[in-house]
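In my numbering, the protein residues as written are 629 to 1009. Glycine is no exception: its CB is placed at the ideal position from the N, C-alpha and C atoms. Since this is a predicted model, take the numbers as computed values, not measurements.
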Amino acid sequence: MCRLIYFLAILLFISCNVGDKKVELVTIDFSGESTLPASDLLSVSYVKLETNDSCMLGVVSQCIEMGGRYFLLDNMMAKTLYVFGSDGHFLQQIGKKGNGPGEYVTPFAFAVNEREKTLSVIDIEQQKLIFYSLDDFSFLSEKKLPFYSDKMEQLTNGDYVWYNKMASDASNSYVFITDGNFKVKKNFLPIDFESGYSIGTTRKLYKQGDEVTLYTPFSPVLYRVESDSLLPAYQFRFGDDTLAPIDFLKEKAANNSNYIPALMESHYVAFYEVYESERLLCVPYYVDKQMYFGFYDKMNHTSYLFTQDKIQTDLQVGAFSSPIGVSSEGGFISLLCPGLLLQLMEQGKNLDDNLVKLLKESTEEDNPILLRYERSVDRRK
629 MCRLIYFLAI LLFISCNVGD KKVELVTIDF SGESTLPASD LLSVSYVKLE
679 TNDSCMLGVV SQCIEMGGRY FLLDNMMAKT LYVFGSDGHF LQQIGKKGNG
729 PGEYVTPFAF AVNEREKTLS VIDIEQQKLI FYSLDDFSFL SEKKLPFYSD
779 KMEQLTNGDY VWYNKMASDA SNSYVFITDG NFKVKKNFLP IDFESGYSIG
829 TTRKLYKQGD EVTLYTPFSP VLYRVESDSL LPAYQFRFGD DTLAPIDFLK
879 EKAANNSNYI PALMESHYVA FYEVYESERL LCVPYYVDKQ MYFGFYDKMN
929 HTSYLFTQDK IQTDLQVGAF SSPIGVSSEG GFISLLCPGL LLQLMEQGKN
979 LDDNLVKLLK ESTEEDNPIL LRYERSVDRR K
């Protein structure tokens, strides 16, 4: 049966006090697959990215869309940050590879500060933060990091929020806050499990507008970050499934073993991710060898749950994967691989007409097509 999931059947509101603030912790239960077609919930559109020798994308790990431009980071193959226009036309590369000022070796993540009109890139190889102008993408400055971190966002007061998956001399917590000189001011959420192996996205910290949000790998709570506190905002439940207990993880990771195969074979939720727009939460997660995509409508307090196969079939997009970013208009952005889709077309797979038109202009070696999807009712406002 189609179930729009309400309250602890679907939704619970729990009041709690953090510092001087009273917040509402909303519990969202992704319990039972929705028979509502995903196409009734989401509307889709596409952007075909230009392909040329100056912008060959391999694995896109992060995308930010703002000001009519797409910023895409390939941190595994090209190891470069690119900018495309709203129509997919390639504009330019930001920074370049090297060891000199303003140059990077392994740009792992980037953040945008709209107030200061800067874009900052973390180079995990050289452990430095590089700043570029958001206007013309010129190099501004760089700072050496006195600690390891692969994700950062900035609060409105100028402080930095860092995500930390391994304990270090600087911090033994998942998240810590520093001033502009990288002096640690606050630590939150002590690390309860660490391993040289990781699963799922490293994107446990993100910014929407001026609000910085974080979550940790094996806890189902989403926090809003204040300068001196964390405010729990959402708690996720996955029906009868649960995240792996820390004791299970430590047992499988003993002697620096790779715990991931055992976790993937278990009945625990192996990993989950969170992407948020003004209207929706998108929560992809993996359990029992199946990917699920949970959506929560913050306006009408309703949850929806789809298997990967159902959502890609309902939307007629051939293949559906976790988002890589959120658009400025409140939609989510995922990637479609032309090579895979062309094969599916040859096999007679039913694809959206607009997508087919783009594929007829594509080759198997082309850059990905951006899939944009948002709450259907938003288009009717």
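### Message
Quick check: what's the CA-CA separation for TYR760 versus ASP702?
### Response
By 1-based counting over the sequence shown, the position of residue 760 is 132. By 1-based counting over the sequence shown, the position of residue 702 is 74. One C-alpha to the other measures close to 17 Å.
### Query
Going by the CB atoms, is the gap between SER955 and PRO912 shorter than 8 Å?
Indexing the sequence shown from 1 puts residue 912 at position 284. Indexing the sequence shown from 1 puts residue 955 at position 327. No, the Cβ-Cβ distance between PRO912 and SER955 is not below 8 Å.
### Task
Buried or exposed for ILE805, please, with buried defined as at least 16 other CB atoms from any protein chain shown within 10 angstroms of its CB.
Here residue 805 refers to the residue found at position 177 of the sequence shown. Label assigned to ILE805: buried.
### Message
I'd like the list of long-range same chain contacts for VAL812, defined as Cβ closer than 7 Å, with 5 residues on each side in sequence excluded.
### Response
Taking the first residue of the sequence shown as position 1, residue 812 is located at position 184. Sequence-distant Cβ neighbours of VAL812 in its own chain, meaning closer than 7 Å and more than five residues away, are ALA798, SER799, PHE804 and THR806.
### Task
Could you check which residue in MET973, LEU968, ILE961 and LYS977 has the C-alpha nearest to that of LEU670?
As a working note, residue 670 is residue 42 in the sequence shown. Each of MET973, LEU968, ILE961 and LYS977 was checked against the Cα of LEU670, and the nearest Cα belongs to ILE961.
### Query
Who are the Cβ neighbours of GLY922 in its own chain at under 6 Å, not counting the five residues just before and after it?
Walking along the sequence shown from the start, residue 922 turns up at place 294. Excluding sequence neighbours, GLY922 sits near PHE658, VAL911 and LEU933.
### Query
Roughly how many angstroms separate the alpha carbons of TYR674 and SER714, rounded to a whole number?
Start at 1 with the first residue of the sequence shown, and residue 674 comes out as number 46. Start at 1 with the first residue of the sequence shown, and residue 714 comes out as number 86. About 11 Å.
### Message
Going by the DSSP bridge assignment, what does PRO848 pair with across the sheet?
### Response
Walking along the sequence shown from the start, residue 848 turns up at place 220. For PRO848, which the question treats as bridged, DSSP gives no partner whatsoever.
### Query
Between which two residues does the beta strand (DSSP E) harbouring PRO860 extend?
On the sequence shown, residue 860 is found 232 positions in, with the first residue counted as 1. First-last of the beta strand (DSSP E) with PRO860: 858-865.
#### Entry: Exposure of TYR825, with buried meaning 16 or more beta-carbon neighbours within 10 Å
Sequence index remark: in the sequence shown, residue 825 carries index 197 (1-based). Burial call: exposed.
### Message
Do THR830 and LYS779 count as a contact pair if the criterion is CB distance below 8 Å?
### Response
For the purposes of this step, residue 779 is taken as the residue at position 151 of the sequence shown. For the purposes of this step, residue 830 is taken as the residue at position 202 of the sequence shown. Result yes, Cβ atoms of LYS779 and THR830 sit closer than 8 Å.
### Exposed unless 16 or more other CB atoms sit within 10 angstroms - verdict on GLU781
Residue mapping note: residue 781 aligns to position 153 of the sequence shown, counting from 1. Per the 10 Å Cβ criterion, buried.
### Message
With three or more beta-carbon pairs closer than 8 Å as the criterion, would you say the stretch 744-758 touches the stretch 840-858?
### Response
no
### Task
Take ASN995 and list the residues in its own chain whose beta-carbon comes closer than 6 Å to its own, dropping the five residues that flank it on each side.
Walking along the sequence shown from the start, residue 995 turns up at place 367. LEU677, THR679 and LEU685, listed in sequence order.
#### Entry: Ranges of the beta strand (DSSP E) found wholly within the stretch 742-828, counting only runs of at least 3
Counting whole runs of 3 or more residues, the stretch 742-828 contains the beta strand (DSSP E) stretches 746-751, 756-761, 767-772, 779-782, 788-791, 801-806 and 812-818.
#### Entry: Contacting residues, own chain, Cβ-Cβ under 6 Å from LEU700 (five flanking each side not counted)
Sequence index remark: in the sequence shown, residue 700 carries index 72 (1-based). Answer for LEU700: VAL688, CYS691 and TYR710, listed in chain order.
### Query
Assuming LYS756 contacts LEU773 under a Cβ cut-off of 8 Å, what Cβ separation, rounded to an integer in Å, is found between them?
Numbered from its first residue, the sequence shown carries residue 756 at position 128. Numbered from its first residue, the sequence shown carries residue 773 at position 145. The Cβ separation is near 6 Å, so the contact holds.
### Query
What whole-angstrom Cβ distance do VAL897 and LEU833 have, given they're in contact under 8 Å?
The count along the sequence shown starts at 1 and reaches residue 897 at position 269. The count along the sequence shown starts at 1 and reaches residue 833 at position 205. So it is not a contact: roughly 20 Å between Cβ atoms.
### Query
What is the residue span of the beta strand (DSSP E) that LEU661 lies within?
One-based indexing of the sequence shown puts residue 661 at position 33. The residue you asked about is not Leu; residue 661 is Glu in the sequence shown. Looking at the DSSP string, GLU661 is not in any beta strand (DSSP E), and its letter there is neither H nor E.
### In chain order, each beta strand (DSSP E) run of at least 3 residues that lies wholly inside the stretch 914-950
918-925 and 930-935
### Task
Put LEU685 into one of helix, strand or coil per three-state DSSP.
Translated into the one-based positions of the sequence shown, residue 685 becomes position 57. Here LEU685 sits in coil by DSSP.
### Query
Does the beta-carbon distance from ASP981 to VAL945 come in below 8 Å?
The residue you call residue 981 lines up with position 353 of the sequence shown. The residue you call residue 945 lines up with position 317 of the sequence shown. No, the pair does not count as a contact, with Cβ atoms beyond the cut-off.
### Query
Can we count SER894 as close to the ligand ZN, meaning its CB is less than 7 Å from some heavy atom?
This structure simply doesn't include the ligand ZN, nor any ligand for that matter.
### Query
Are the beta-carbon atoms of LEU817 and PHE846 separated by less than 8 Å?
Locating residue 817 in the sequence shown gives position 189, where the first residue counts as 1. Locating residue 846 in the sequence shown gives position 218, where the first residue counts as 1. No, the pair does not count as a contact, with Cβ atoms beyond the cut-off.
### Query
Should ASN792 go down as buried or exposed, given a rule of 16 or more other Cβ atoms within 10 Å for buried?
Working through the sequence shown from its first residue, we reach residue 792 at position 164. So ASN792 counts as buried.
### Task
Express the C-alpha separation of ASN883 and GLU906 in angstroms, rounding to a whole number.
Taking the first residue of the sequence shown as position 1, residue 906 is located at position 278. Taking the first residue of the sequence shown as position 1, residue 883 is located at position 255. Near 43 Å, if we compare the C-alpha coordinates of ASN883 and GLU906.
### Where the beta strand (DSSP E) through SER962 begins and ends
As a first step, residue 962 is located in the sequence shown; it is residue number 334 there, counting from the start. That run of the beta strand (DSSP E) goes 960-964.
### Query
Between which two residues does the alpha helix (DSSP H) harbouring ASP668 extend?
Within the sequence shown, the letter at position 40 stands for residue 668. Taken as a continuous stretch (DSSP letters only), the alpha helix (DSSP H) holding ASP668 covers 666-669.
### Inter-residue spacing [alpha-carbon to alpha-carbon] between THR708 and GLN971
Residue 708 sits at position 80 when you count from the first residue of the sequence shown. Residue 971 sits at position 343 when you count from the first residue of the sequence shown. If you take the alpha carbons of THR708 and GLN971, they lie about 28 Å apart.
### Query
Under a three-way DSSP split, which group does ARG1000 fall into?
Locating residue 1000 in the sequence shown gives position 372, where the first residue counts as 1. ARG1000: strand per DSSP, three-state reduction.
### Message
Between the alpha carbons of GLU822 and LYS835, how many angstroms are there, rounded?
### Response
Here residue 822 corresponds to residue number 194 of the sequence shown, with the count starting at 1. Here residue 835 corresponds to residue number 207 of the sequence shown, with the count starting at 1. Straight-line Cα distance between these residues: approximately 24 Å.
#### Entry: Residue from SER990, LEU908 and GLU661 with nearest C-alpha to GLN936
In the sequence shown, the residue the question calls residue 936 occupies position 308. Of the candidates SER990, LEU908 and GLU661, the one whose C-alpha sits nearest the C-alpha of GLN936 is GLU661.
### Query
For GLU770, which residues from the same chain have a beta carbon less than 8 Å from its beta carbon, with the 5 sequence-adjacent residues on both sides left out?
Counting from one through the sequence shown, the residue named residue 770 turns up at place 142. Closer than 8 Å at the Cβ level, and outside the excluded window around GLU770, lie PRO729, GLY730, LYS756, LEU757, ILE758 and PHE759.
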